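Residue 120 is where the sequence shown ends in numbering that gives the first Met the number 0, and the numbering goes up by one at each step. All C-beta atoms, glycine included, are put in the ideal place defined by N, C-alpha and C. As the structure is a computational prediction, the values presented were derived from the model and not from experiment. Have a look at the structure below, then the notes.
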Amino acid sequence: MTEKRKKEIELHKEDDAIDAFLNKDNLKYVKPPSMLQMIKTFSKDLVTYVAEGAPNVSAEDYAQRLDACKACPYLKPTHMRCGMCGCLIEHKAKWKTASCPDKDVERWKPQNMTKPSNEKE
Ligand code: SF4
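Right under this line is the structure:
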């Protein structure tokens, strides 16, 4: 067998492995955002959060969001960044105004924006 053919077989195996990984949860490949896009998205979400009076989710909802992210195949665990939007999850998950960018699966519990959860009832 030639070296060229061996390389083709190895590349094919890698493609199969990537397809198998994505298909096991019916995931689609999502190209990670560029650094510029990450900064834009995070800044936009931060502006919305501040404009709404910086409302935070409850401690339980924050824990639920982090657990969902830790189990999510899109998480980039080295820096705790979301692979879809690029945001820093440990910050963004606290913000009641923020939402998970994965619109195919409801990973974060929906929030009621009529009353901030960090206010006492
Ligand atoms: S924000 Fe959503 S898509 Fe991003 S890592 Fe968390 S659960 Fe996954």
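Alpha helix (DSSP H) containing residue 1: first to last residue?
On the sequence shown, residue 1 is found 2 positions in, with the first residue counted as 1. Taken as a continuous stretch (DSSP letters only), residue 1 belongs to no alpha helix (DSSP H), as it is neither H nor E.
Please classify residue 75: does DSSP put it in a helix, a strand, or coil?
The residue you call residue 75 lines up with position 76 of the sequence shown. Correct three-state label for residue 75: strand.
What residue does the alpha helix (DSSP H) around residue 64 start on, and which one ends it?
Numbered from 1 along the sequence shown, position 65 holds the residue referred to as residue 64. Residue 64 -> alpha helix (DSSP H) spans 58–69.
Enumerate in chain order the residues of its own chain whose CB-to-CB distance from residue 29 is below 7 angstroms, with the five nearest sequence positions on each side excluded.
The sequence position of residue 29 within the sequence shown is 30, counting from 1. Within the same chain, residue 29 has close Cβ partners 73, 82, 83.
Does the ligand SF4 have even one heavy atom less than 7 angstroms from the beta-carbon of residue 31?
Counted from its first residue, the sequence shown places residue 31 at position 32. For the ligand SF4, not one heavy atom lies less than 7 angstroms from the Cβ of residue 31.
With respect to 7 angstroms, is the separation between the Cβ of residue 101 and the closest non-hydrogen atom of the ligand SF4 below this value?
The sequence position of residue 101 within the sequence shown is 102, counting from 1. Within the cutoff, so yes.
If you compare alpha carbons, which of 33, 108, 100 is closest to residue 58?
The count along the sequence shown starts at 1 and reaches residue 58 at position 59. Taking residue 58 as reference, the option from 33, 108, 100 with the minimal CA-CA separation is 108.
Taking the C-alpha atoms as reference points, what is the distance between residue 111 and residue 2?
Taking the first residue of the sequence shown as position 1, residue 111 is located at position 112. Taking the first residue of the sequence shown as position 1, residue 2 is located at position 3. If you take the alpha carbons of residue 111 and residue 2, they lie about 60 angstroms apart.
What's the call for residue 32, buried or exposed, on a 16-neighbour Cβ count within 10 Å?
One-based indexing of the sequence shown puts residue 32 at position 33. Classification for residue 32: buried.
Between which two residues does the alpha helix (DSSP H) containing residue 113 stretch?
Here residue 113 refers to the residue found at position 114 of the sequence shown. Residue 113 -> no alpha helix (DSSP H), and no H or E assigned at all.
Can you give me the start and stop residues for the alpha helix (DSSP H) that residue 34 sits inside?
Taking the first residue of the sequence shown as 1, we reach residue 34 at position 35. It spans 34–50 - the alpha helix (DSSP H) in which residue 34 sits, taken as one unbroken run.
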